[in-house]
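Novice: For the sequence shown, the tail end lands on 599 under the numbering used here, and the numbers increase by one without skipping.
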Amino acid sequence: MKLLNTINYPSDLRKIKANELPLLAKELRKFIIDIVAVKEGHLGASLGVVELTLAIHYVFNTPFDRLIWDVGHQAYGHKIITGRKEVFHTNRQLGGISGFPKREESEYDSFGTGHSSTSISAILGMALASKLKGDNKRQHIAVIGDASIASGMAFEGLNHAGVTNTNVLIILNDNAIGIDPSVGALKKYLTNVKKGTAKDENIFECLNFDYTGPIDGHDIQVLIKELERLKAVKGPKLLHIITTKGKGLKKAEENQVTYHAPGKFNIQTGDLIGAKAENKPPKYQDVFGQTLVELALKNDKIIGITPAMPTGSSLKFMMEQIPERAFDVGIAEQHAVTMAAGMAAERLLPFCAIYSTFLQRAYDQVIHDVALQNLPVAFFLDRSGIVGQDGATHHGVYDIAYLRCIPNLIIFSPLNEAELRNIMYTIQDSLSQPIAIRYPRGRATTTNWKQPFQKMEIGVAQELTRGNKIAVLSLGHIGNTISKLIKDLNMPGKIGHYNMRFAKPLDEKMLRFIFDTYEQIITVEDGCKIGGFGSAILEFSNALNNPIPISICGIDDVFIEHGTVEELHKMAHLDDQSIKKLILELLEL
11 MKLLNTINYP SDLRKIKANE LPLLAKELRK FIIDIVAVKE GHLGASLGVV
61 ELTLAIHYVF NTPFDRLIWD VGHQAYGHKI ITGRKEVFHT NRQLGGISGF
111 PKREESEYDS FGTGHSSTSI SAILGMALAS KLKGDNKRQH IAVIGDASIA
161 SGMAFEGLNH AGVTNTNVLI ILNDNAIGID PSVGALKKYL TNVKKGTAKD
211 ENIFECLNFD YTGPIDGHDI QVLIKELERL KAVKGPKLLH IITTKGKGLK
261 KAEENQVTYH APGKFNIQTG DLIGAKAENK PPKYQDVFGQ TLVELALKND
311 KIIGITPAMP TGSSLKFMME QIPERAFDVG IAEQHAVTMA AGMAAERLLP
361 FCAIYSTFLQ RAYDQVIHDV ALQNLPVAFF LDRSGIVGQD GATHHGVYDI
411 AYLRCIPNLI IFSPLNEAEL RNIMYTIQDS LSQPIAIRYP RGRATTTNWK
461 QPFQKMEIGV AQELTRGNKI AVLSLGHIGN TISKLIKDLN MPGKIGHYNM
511 RFAKPLDEKM LRFIFDTYEQ IITVEDGCKI GGFGSAILEF SNALNNPIPI
561 SICGIDDVFI EHGTVEELHK MAHLDDQSIK KLILELLEL
């Protein structure tokens, strides 16, 4: 990697000859593969834009010229040539660089992008700011994928940008896939453009963009020539490039879904390296996906919906077996929620699977379209709590707080896979109002999990262990940690443990018993303290003028960065040792 060794910043890149760039692209691609194979991370998207990355930084005067990478899955090459090559091996690790563009990390990261479809609005805001300041020299570039540009927010940005006459260049990286294959009418249109069979009117030209393309996104000389030309074109421009996700690694090209973020793999062959999952508990997402099929085969009112996450949420099982009742709506959380509401209004039962962090994008729809009309939509919030190395943009730690204030909405968090199955079974038979069911990324608790269904009573908690000194009230999967540490403490009769299950409605009968029985209360949740489950217990306690001290274990009022789940739980004092220490300190009082 002799050439890459000389490149630390884009200023170095601009010193080499253009005919040397293909060799540099080859070296950069190998550098990404070598690191990600060992350290893990997002692979396919960054491999697909190696030539584009080099061409943009070669032609434009970054960081003076603003560059935004939509989502940021594409930005590894960008990070490597903008001063972070020597620390790239720390990517997504505790204390290391972020897996996404981050303003405080580098002046070359013009805007933080962990969620999709924000780049056009952000770059337009920057371009308008330049115009207001009288700066006509600065260029503004946003790179967005064909899956992300189909989102409603991206359309909003395009619609506005088209009438502003700002110096904006949108580069549409068209590879026909996001995390899963792209869906929708726009995808079909872009396919027809590539084939030359699209209708005469170009959708982007109709939106007042100077459209160019499609061109080969792996031909660096063609890219440079076109980018140089577009620098001189005034007003909003859109360059349509065709790329291959996973370019340069055969396995990643052939299996683009798996190699989006493949985990560890063999550098030479691309074969995945991982512990086999035999005799391990299932992932919560698979419990959801397989149970959904099991129920939907018997209940024709059940509908499956996900916004662009059929693999991640495991809705893929229903899409394969009952495709007419399973919908991937693309990166469109707002649409997913309101479409679910429309189905519920027609007496169907939508099971809407959305990552916790992405439901934030549809907050108004949850309130206005679902809860206000008290429609029976079931939200399955995968990746709730701390999710690990994706970091602050992806942790699902705010869902309890932002949902708990909404009238009519039930909030449930299962202790284990049996409770997830049983709540699904219960609501498919009798749901009369909206419910949010939150569960973490990762594995459940047992291998023998396909047990007969049992109905659950809404708003009823479970006493797991009774004591008389300290009551630990847990919500969700983290309760398994509590059960283990209480067993390890071996203090029979002193510590009680309650699996509360519902953050809303609370089991008030159980809470009154707890208040009458114990001297101290600890609440434990994998979510933010402010407005969360512990806050709900405090509010109820205050309403009863209960004098018993209540300690809340949860996420403090800070953004948690990236690291393993275990590392981040320790930082947040949610690991077993931290909770043990708190219990022992309270027992000494």
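Even glycine gets a Cβ: it sits at the ideal position worked out from N, Cα and C.
Judging by CA-CA distance, which residue of Leu196, Val482 and Glu535 is the nearest neighbour of Leu597?
Specialist: As a first step, residue 597 is located in the sequence shown; it is residue number 587 there, counting from the start. Residue Val482 is the option with its Cα nearest to Leu597.
Novice: Report yes or no: do three or more beta-carbon pairs, one from the region 87-107 and one from the region 548-555, lie closer than 8 Å?
Specialist: Cβ pair count under 8 Å is below three, so no.
Novice: Where does Phe110 land, buried or exposed, given buried means 16+ other C-beta within 10 angstroms?
Specialist: On the sequence shown, residue 110 is found 100 positions in, with the first residue counted as 1. By the 10 Å Cβ count, Phe110 comes out buried.
Novice: How should Phe121 be labelled, buried or exposed, when 16 other C-beta atoms within 10 angstroms of its C-beta is the threshold for buried?
Specialist: Mapped onto the sequence shown, residue 121 falls at position 111. Phe121 should be labelled buried.
Novice: Do His507 and Asp475 have their beta-carbon atoms positioned less than 9 Å apart in this structure?
Specialist: Along the sequence shown, read from residue 1 onward, the residue named residue 475 stands at position 465. Along the sequence shown, read from residue 1 onward, the residue named residue 507 stands at position 497. For the sequence presented, residue 475 should be read as Thr rather than Asp. Against a cut-off of 9 Å, the Cβ pair of His507 and Thr475 comes out as a contact.
Novice: Work out the CA separation of Ala47 and His270 for me, nearest whole Å.
Specialist: Translated into the one-based positions of the sequence shown, residue 270 becomes position 260. Translated into the one-based positions of the sequence shown, residue 47 becomes position 37. The alpha-carbon atoms of His270 and Ala47 are separated by roughly 12 Å.
Novice: Opposite Asp484 in the DSSP bridges: which residues?
Specialist: To locate residue 484, count along the sequence shown from 1; it is residue 474. In the sequence on display, residue 484 carries Ser and not Asp. Per DSSP, Asn509 and Val534.
Novice: DSSP puts Tyr365 in a beta bridge; with which residues?
Specialist: Within the sequence shown, residue 365 is the residue found at index 355, counting from 1. Tyr365 is bridged to Asp392.
Novice: To the nearest angstrom, how far is it from the Cα of Gln331 to the Cα of Ile277?
Specialist: In the sequence shown, the residue the question calls residue 331 occupies position 321. In the sequence shown, the residue the question calls residue 277 occupies position 267. Distance between the alpha carbons of Gln331 and Ile277 is about 35 Å.
Novice: Check this for me: beta carbons of Pro272 and Leu38, under 9 Å apart or not?
Specialist: Stepping through the sequence shown from its first residue, residue 272 is reached at position 262. Stepping through the sequence shown from its first residue, residue 38 is reached at position 28. No, the pair does not count as a contact, with Cβ atoms beyond the cut-off.
Novice: Would you mind giving the Cβ-Cβ distance between Leu499 and Lys591, rounded to the nearest angstrom? I have them listed as a contact below 8 Å.
Specialist: By one-based count along the sequence shown, residue 499 stands at place 489. By one-based count along the sequence shown, residue 591 stands at place 581. Not really, about 11 Å apart at Cβ, beyond 8 Å.
Novice: What is the DSSP secondary structure of Thr321, reduced to helix, strand or coil?
Specialist: Residue 321 sits at position 311 when you count from the first residue of the sequence shown. Reduced to three states, the DSSP call for Thr321 is helix.
Novice: Could you tell me the alpha carbon to alpha carbon distance between Ala65 and Thr174, rounded to whole angstroms?
Specialist: Numbered from its first residue, the sequence shown carries residue 65 at position 55. Numbered from its first residue, the sequence shown carries residue 174 at position 164. If I take the Cα positions, the gap works out to 26 Å.
Novice: Tell me the rounded alpha-carbon separation between His83 and Ser192.
Specialist: As a first step, residue 83 is located in the sequence shown; it is residue number 73 there, counting from the start. As a first step, residue 192 is located in the sequence shown; it is residue number 182 there, counting from the start. Taking the straight line joining both Cα atoms gives about 16 Å.
Novice: Contact defined as beta carbons within less than 8 Å: I believe Ile496 pairs with Ile488. What is the distance between those atoms, to the nearest angstrom?
Specialist: Translated into the one-based positions of the sequence shown, residue 496 becomes position 486. Translated into the one-based positions of the sequence shown, residue 488 becomes position 478. Actually they are not in contact, since the Cβ atoms of Ile496 and Ile488 sit about 13 Å apart, beyond 8 Å.
Novice: Would you report the Cα separation of Glu429 and Asn458, rounded to the nearest angstrom?
Specialist: Counting from 1 along the sequence shown, the entry for residue 429 is found at position 419. Counting from 1 along the sequence shown, the entry for residue 458 is found at position 448. Cα-Cα distance, rounded: 14 Å.
Novice: Using the C-alpha atoms, what's the distance from Ala582 back to Gly564?
Specialist: Position 554 of the sequence shown, counted from the first residue, corresponds to residue 564. Position 572 of the sequence shown, counted from the first residue, corresponds to residue 582. Using only the alpha carbons, I get a separation of about 7 Å.
Novice: What are the start and end residues of each continuous alpha helix (DSSP H) run of 4 or more residues lying completely inside the region 329-374, in chain order?
Specialist: Qualifying alpha helix (DSSP H) stretches, in chain order: 343-355 and 366-369.
Novice: Roughly how many angstroms separate the alpha carbons of Lys49 and Gly340, rounded to a whole number?
Specialist: Locating residue 49 in the sequence shown gives position 39, where the first residue counts as 1. Locating residue 340 in the sequence shown gives position 330, where the first residue counts as 1. Rounded to whole angstroms, Lys49 to Gly340 spans 29 Å at the Cα level.
Novice: Are Ala342 and Gly162 close, meaning C-beta to C-beta below 9 Å?
Specialist: Locating residue 342 in the sequence shown gives position 332, counting from the first residue. Locating residue 162 in the sequence shown gives position 152, counting from the first residue. The answer is yes: Cβ separation under 9 Å.
Novice: Where Phe98 and His404 are concerned, what is the direct C-alpha to C-alpha distance, given to the nearest angstrom?
Specialist: Position 88 of the sequence shown, counting from 1, holds the residue named residue 98. Position 394 of the sequence shown, counting from 1, holds the residue named residue 404. Taking the straight line from one Cα to the other gives about 20 Å.
Novice: Are the beta-carbon atoms of Ala132 and Ile78 separated by less than 9 Å?
Specialist: Position 122 of the sequence shown, counting from 1, holds the residue named residue 132. Position 68 of the sequence shown, counting from 1, holds the residue named residue 78. It is a contact, given that the beta carbons lie within the stated cut-off.
Novice: Who are the near neighbours of Thr491 in its chain, counting only those whose CB is closer than 6 Å to its CB and skipping five residues on each side?
Specialist: To locate residue 491, count along the sequence shown from 1; it is residue 481. Correct list, in chain order: Asp586.
Novice: Under 8 Å, with one C-beta from each stretch per pair, do the region 142-157 and the region 296-304 reach the 3-pair mark?
Specialist: These segments do not touch.
Novice: Between the Cα of Leu7 and those of Thr268, Phe463 and Asp379, spot the shortest distance and give me the residue it belongs to.
Specialist: No information on residue 7 is available, as it lies outside the stretch 11 to 599 that the chain covers here.
Novice: Consult DSSP for Ala454 and reduce its assignment to one of helix, strand or coil.
Specialist: On the sequence shown, residue 454 is found 444 positions in, with the first residue counted as 1. Three-state DSSP puts Ala454 in coil, outside helix and strand.
Novice: Going by Cα to Cα distance, which pick from Glu334, Val387, Pro462 and Asp338 is closest to Pro360?
Specialist: Here residue 360 refers to the residue found at position 350 of the sequence shown. Nearest C-alpha to Pro360: Val387.
Novice: Quick one: using the 10 Å Cβ neighbour count with 16 as the cut-off for buried, is Cys538 buried or exposed?
Specialist: Here residue 538 corresponds to residue number 528 of the sequence shown, with the count starting at 1. By the neighbour-count rule (16 or more Cβ atoms within 10 Å), Cys538 is buried.
Novice: If contacts are defined as beta-carbon pairs under 8 Å, then Ala600 and Phe569 qualify, I think. What distance do you get, rounded to the angstrom?
Specialist: The displayed coordinates of the chain run from 11 to 599. Any statement about residue 600 would go beyond what the structure contains.
Novice: In whole angstroms, what is the alpha-carbon distance linking Leu249 and Asp75?
Specialist: Your numbering for residue 249 matches position 239 in the sequence shown. Your numbering for residue 75 matches position 65 in the sequence shown. Going by the C-alpha atoms only, they are around 17 Å apart.
Novice: Within 10 angstroms of the Cβ of Gly206, are there 16 or more other Cβ atoms? Answer buried if so, exposed if not.
Specialist: As a working note, residue 206 is residue 196 in the sequence shown. Answer is exposed; the Cβ neighbour count stays below 16.
Novice: Using the Cβ count rule (16 or more neighbours within 10 Å means buried), how would you classify Val216?
Specialist: Start at 1 with the first residue of the sequence shown, and residue 216 comes out as number 206. Per the sequence shown, the amino acid found at residue 216 is Cys instead of Val. Result: exposed.
Novice: Can you confirm whether the region 410-425 touches the region 514-527 when touching is taken to mean that 3 or more C-beta pairs between the two stretches lie within less than 8 Å?
Specialist: Short answer: they touch.
Novice: By how many angstroms is the C-alpha of Gly106 removed from the C-alpha of Ile532?
Specialist: Translated into positions along the sequence shown, residue 532 becomes position 522. Translated into positions along the sequence shown, residue 106 becomes position 96. Whole-angstrom Cα-Cα distance: 33 Å.
Novice: Could you tell me whether the region 433-440 touches the region 302-318, using the rule of 3 or more Cβ pairs below 8 Å?
Specialist: A contact exists between the region 433-440 and the region 302-318.
Novice: When DSSP builds the beta bridges, which residues end up paired with Trp79?
Specialist: Position 69 of the sequence shown holds residue 79. Answer is Val153.
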